[in-house]
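K.L.:
First the structure, which I've put down as structure tokens, then a few questions once you've had a look.
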Amino acid sequence: MISALMLLLFIALFGIGIPVSASMLLAAAVAMLVSGQDLISIPQHMAASVRGLELMAIPFFILTAHLMDELGMTRKIIDFAQAVLGWMRGGLAHANVLAGVVFSGISGAAVADAAALGSIAMKEMPRAGYAAPFAAATVMSVATLGPIIPPSIMMVVYAIMADVSIARLFLAGVVPGVVIAASISGLIAFYAYFRLTPMPEPPPFEMRRVLKTARAALLALFAPLVILRGMSTGFVTPTEAGVLAAVYAVFVGAIERTLSWRAVLSALRETVESTAHILFLIAAAAALSYVFVSQGTAAAITDAFAHADLDAFSFLLITTVALLLIGLAIETMPAMLISVPLLLPTANALGIDPVHFGVVIIFNLVIGMITPPVGIGLFILSSISGIRFGTLARAALPFVGLLIAVLLILTFVPQITLWLPDLLLPVPS
Numbered sequence: 001m002i003s004a005l006m007l008l009l010f011i012a013l014f015g016i017g018i019p020v021s022a023s024m025l026l027a028a029a030v031a032m033l034v035s036g037q038d039l040i041s042i043p044q045h046m047a048a049s050v051r052g053l054e055l056m057a058i059p060f061f062i063l064t065a066h067l068m069d070e071l072g073m074t075r076k077i078i079d080f081a082q083a084v085l086g087w088m089r090g091g092l093a094h095a096n097v098l099a100g101v102v103f104s105g106i107s108g109a110a111v112a113d114a115a116a117l118g119s120i121a122m123k124e125m126p127r128a129g130y131a132a133p134f135a136a137a138t139v140m141s142v143a144t145l146g147p148i149i150p151p152s153i154m155m156v157v158y159a160i161m162a163d164v165s166i167a168r169l170f171l172a173g174v175v176p177g178v179v180i181a182a183s184i185s186g187l188i189a190f191y192a193y194f195r196l197t198p199m200p201e202p203p204p205f206e207m208r209r210v211l212k213t214a215r216a217a218l219l220a221l222f223a224p225l226v227i228l229r230g231m232s233t234g235f236v237t238p239t240e241a242g243v244l245a246a247v248y249a250v251f252v253g254a255i256e257r258t259l260s261w262r263a264v265l266s267a268l269r270e271t272v273e274s275t276a277h278i279l280f281l282i283a284a285a286a287a288l289s290y291v292f293v294s295q296g297t298a299a300a301i302t303d304a305f306a307h308a309d310l311d312a313f314s315f316l317l318i319t320t321v322a323l324l325l326i327g328l329a330i331e332t333m334p335a336m337l338i339s340v341p342l343l344l345p346t347a348n349a350l351g352i353d354p355v356h357f358g359v360v361i362i363f364n365l366v367i368g369m370i371t372p373p374v375g376i377g378l379f380i381l382s383s384i385s386g387i388r389f390g391t392l393a394r395a396a397l398p399f400v401g402l403l404i405a406v407l408l409i410l411t412f413v414p415q416i417t418l419w420l421p422d423l424l425l426p427v428p429s
């Protein structure tokens with residue numbers, strides 16, 4: 001009863017425009033007062049939730065993304081992708097997919113990908129003759145790769161909550177990321193083949209341009225490989241990989257003579273703001289989770305599923321539908337912070353691999369960034385492009401349908417997710 005009251009209050013507060021973290025704290029405080037608990041537990045649990053050393057990976061990956069953008073590396077990655085794929089019909093759209101894959105291997109966040117890719121793509125694609133809503137929908141769908149392809153901020157947070165290996169979770173996102181990117185490119189090719197949207201005639205392939213852009217982007221393109229290789233070999237931990245990535249970005253900027261105090265200070269300022277927002281969300285969600293645990297809500301949900309005699313397939317199907325609906329109304333990170341403590345005990349009881357479950361939850365919720373009414377990707381691209389929110393939402397519908405189809409495949413074929421971590425970092429028997 002107390003947990004239901006808290007959830008209803010949270011939804012009501014969030015619905016009237018109160019920031020999500022404040023809504024969480026207020027709802028938790030009211031629930032604790034009603035149940036007679038001491039409010040001093042709130043700051044204690046908030047502080048404990050952000051003390052983990054593993055959380056240090058978050059600011060370093062955010063810093064790396066901002067440094068890459070400030071030092072011009074994002075622009076070079078996109079130029080290279082356009083040179084490689086621009087000769088195809090729909091080549092600029094395909095190039096954004098390739099650039100998104102590379103940038104996702106650096107940034108770790110969907111919002112960063114949407115902003116970085118959108119600021120460039122929404123200038124070049126409409127100018128080249130692409131329909132602006134289609135261009136924006138492409139960028140938004142590609143941005144969903146940010147939390148899937150390692151490194152991933154959401155994976156770091158989930159790994160801490162679920163007590164699983166961050167390195168295994170990172171590796172688990174590689175193959176699904178490739179599958180998602182290939183599916184998006186397949187949809188773009190479908191649009192191009194049947195001429196469902198305006199697309200310019202592609203320019204001829206120029207090897208000279210490919211070599212020129214490859215040479216300019218070479219060091220930036222190595223960044224994801226440096227991060228992933230360092231973790232897969234055990235040379236660095238995921239937290240140390242964040243430091244390595246930031247140092248590498250500074251090193252590349254120094255080599256290419258784009259490094260400046262102004263760029264570094266701007267990246268640091270953006271990193272502090274983003275990190276503070278994420279960590280405060282985690283702390284606020286910890287207060288909410290404490291009420292769930294103290295009231296026995298998570299255990300009650302597990303018992304309910306057990307008495308319903310559901311198998312893993314049925315549980316995953318119900319979870320998928322529920323999370324897709326949650327993603328429509330709540331931002332990705334707070335939605336995960338709320339849902340994981342409730343769903344994970346049942347998933348463990350049914351023998352679902354927590355690494356696979358993490359990838360499924362993250363991808364499920366990140367689809368919500370391109371669906372109304374609170375899809376942050378829609379707001380970002382609407383702000384960048386000037387296209388109306390409703391127009392963008394309609395243009396994104398085919399991509400949303402595609403991503404949901406891919407989600408179902410990843411959900412019910414766990415081998416796609418677990419093959420690489422089982423190969424490189426097998427769990428000791």
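The letter at position 339 of the sequence shown is residue 339 when you use this note's numbering, and the numbering goes up by one with no holes.
The C-beta atom is built at its ideal place from N, Cα and C for all residues, glycine as well.
These figures come from a predicted structure and were not determined experimentally.
1. So, at 7 Å on beta carbons, what are the nonlocal neighbours of F454 in its own chain, with the 5 sequence-adjacent residues on each side left out?
2. Thinking C-beta only, is G100 closer than 8 Å to L117?
3. At what residues does the alpha helix (DSSP H) containing P126 begin and finish?
4. Among L225, T233, R262, L265, which one has its Cα closest to the Cα of Y248?
5. Identify which residue in E124, S289, P133, P150 has its Cα closest to the Cα of A110.
6. Is A131 helix, strand or coil by DSSP?
7. At the level of alpha carbons, what is the spacing between A189 and G90?
8. Do you know whose CA, among F357, A329, L328, lies nearest P341's CA?
9. Using the beta-carbon count (16 or more within 10 Å), is F235 buried or exposed?
10. Alpha carbons only, please: which of Q37, M333, I416, L418 is nearest the one belonging to I2?
11. Which term fits I16, buried or exposed, when burial requires 16 or more other beta carbons within 10 angstroms of its beta carbon?
12. Less than 6 Å between C-beta atoms, sequence neighbours within five positions excluded: which residues of the same chain meet that for F205?
13. Would you give the residue range spanned by the alpha helix (DSSP H) that W261 belongs to?
14. In or out: M333 buried (at least 16 other Cβ within 10 Å) or exposed?
15. Just to confirm the assignment, what range does the alpha helix (DSSP H) spanning A56 have?
16. Taking the straight line between their C-alpha atoms, what separation do you get for G105 and N364?
17. Since I believe L92 is in contact with M125 (beta carbons under 8 Å), could you give me their beta-carbon distance rounded to a whole number of angstroms?
18. How is the alpha helix (DSSP H) around V97 delimited, first residue to last?
19. Hey, L350 and A300 are a contact pair by Cβ (cut 8 Å); roughly how many whole angstroms apart?
20. Can we say the region 39 to 53 touches the region 287 to 299, given the rule of at least three CB pairs closer than 8 Å?
21. What three-state label does DSSP hand A308 in the structure shown?
22. Apply the 10 Å Cβ neighbour rule to D309 and answer buried if 16 or more other Cβ atoms are within range, or exposed otherwise.
23. Inspect the beta-carbon positions of G368 and A114 and report whether they are closer than 8 Å.
24. How about the region 120 to 140 and the region 213 to 221: do they share at least three Cβ pairs that are nearer than 8 Å?
25. Touch check for the region 399 to 415 and the region 379 to 389: three-plus C-beta pairs under 8 Å?
26. If you draw a straight line from the alpha carbon of S41 to that of S141, how long is it in whole angstroms?
27. Please return the same chain residues whose Cβ sits closer than 7 Å to the Cβ of F103, not counting the five positions on each side in sequence.
28. Which residue comes first and which comes last in the alpha helix (DSSP H) that contains V32?
29. Could you check which residue in R269, A181, V156, L171 has the C-alpha nearest to that of L228?
P.N.:
On the basis of the supplied data:
1. With the chain running from 1 to 429 in the structure shown, residue 454 is simply not present.
2. Taking the sequence shown and counting its residues from 1, the one referred to as residue 117 is at position 117. Taking the sequence shown and counting its residues from 1, the one referred to as residue 100 is at position 100. A contact, by the Cβ cut-off of 8 Å.
3. In the sequence shown, the residue the question calls residue 126 occupies position 126. Residues 110 to 128.
4. As a first step, residue 248 is located in the sequence shown; it is residue number 248 there, counting from the start. Answer by Cα proximity: L225.
5. Within the sequence shown, numbered from 1, the residue matching residue 110 stands at position 110. Closest option to A110, Cα to Cα, is P150.
6. The residue you call residue 131 lines up with position 131 of the sequence shown. Correct three-state label for A131: coil.
7. By one-based count along the sequence shown, residue 189 stands at place 189. By one-based count along the sequence shown, residue 90 stands at place 90. When rounded, the distance between both Cα atoms is 7 Å.
8. Residue mapping note: residue 341 aligns to position 341 of the sequence shown, counting from 1. The shortest C-alpha separation from P341 is found at F357.
9. The residue you call residue 235 lines up with position 235 of the sequence shown. A residue is called buried once 16 or more other Cβ atoms fall within 10 Å of its Cβ, and F235, having fewer, is exposed.
10. Taking the sequence shown and counting its residues from 1, one reaches residue 2 at position 2. The candidate whose alpha carbon is nearest that of I2 is Q37.
11. Taking the first residue of the sequence shown as 1, we reach residue 16 at position 16. With fewer than 16 Cβ atoms within 10 Å of its Cβ, I16 is classed as exposed.
12. By 1-based counting over the sequence shown, the position of residue 205 is 205. Correct list, in chain order: W87.
13. By one-based count along the sequence shown, residue 261 stands at place 261. Start and end: 261 to 294.
14. Within the sequence shown, numbered from 1, the residue matching residue 333 stands at position 333. Buried, by the Cβ-count rule.
15. Looking up residue 56 in the sequence shown gives position 56. For clarity, residue 56 is Met in the given sequence; the question names Ala instead. Careful: M56 lies outside any alpha helix (DSSP H) and carries neither H nor E.
16. Within the sequence shown, numbered from 1, the residue matching residue 105 stands at position 105. Within the sequence shown, numbered from 1, the residue matching residue 364 stands at position 364. Their backbone Cα atoms lie some 19 Å apart in a straight line.
17. Position 125 of the sequence shown holds residue 125. Position 92 of the sequence shown holds residue 92. Correct: roughly 5 Å between the Cβ atoms.
18. Here residue 97 is taken as the residue at index 97 of the sequence shown, counted from 1. Its alpha helix (DSSP H) spans residues 91 to 107.
19. In the sequence shown, counting from the first residue as 1, residue 350 sits at position 350. In the sequence shown, counting from the first residue as 1, residue 300 sits at position 300. With a beta-carbon spacing of about 16 Å, L350 and A300 fall beyond the 8 Å limit used to define contacts.
20. yes
21. Here residue 308 corresponds to residue number 308 of the sequence shown, with the count starting at 1. DSSP places A308 in coil when its eight states are reduced to three.
22. For the purposes of this step, residue 309 is taken as residue 309 along the sequence shown, with counting starting at 1. It is exposed - the Cβ of D309 has fewer than 16 other Cβ atoms within 10 Å.
23. What you label residue 368 is simply residue 368 of the sequence shown in a count that begins at 1. What you label residue 114 is simply residue 114 of the sequence shown in a count that begins at 1. Not closer than 8 Å, so no.
24. A contact is defined here as three or more CB-CB pairs under 8 Å, and the region 120 to 140 fails this definition with respect to the region 213 to 221.
25. no
26. Counting from 1 along the sequence shown, the entry for residue 41 is found at position 41. Counting from 1 along the sequence shown, the entry for residue 141 is found at position 141. Taking the straight line joining both Cα atoms gives about 40 Å.
27. Walking along the sequence shown from the start, residue 103 turns up at place 103. Taken in chain order, the residues that qualify are T74, I77, D113, A116, L117.
28. Locating residue 32 in the sequence shown gives position 32, where the first residue counts as 1. Looking at the sequence shown, residue 32 is not Val but Met. Looking at the DSSP string, the run of the alpha helix (DSSP H) that includes M32 is 20 to 35.
29. Along the sequence shown, read from residue 1 onward, the residue named residue 228 stands at position 228. Closest by alpha carbon: L171.
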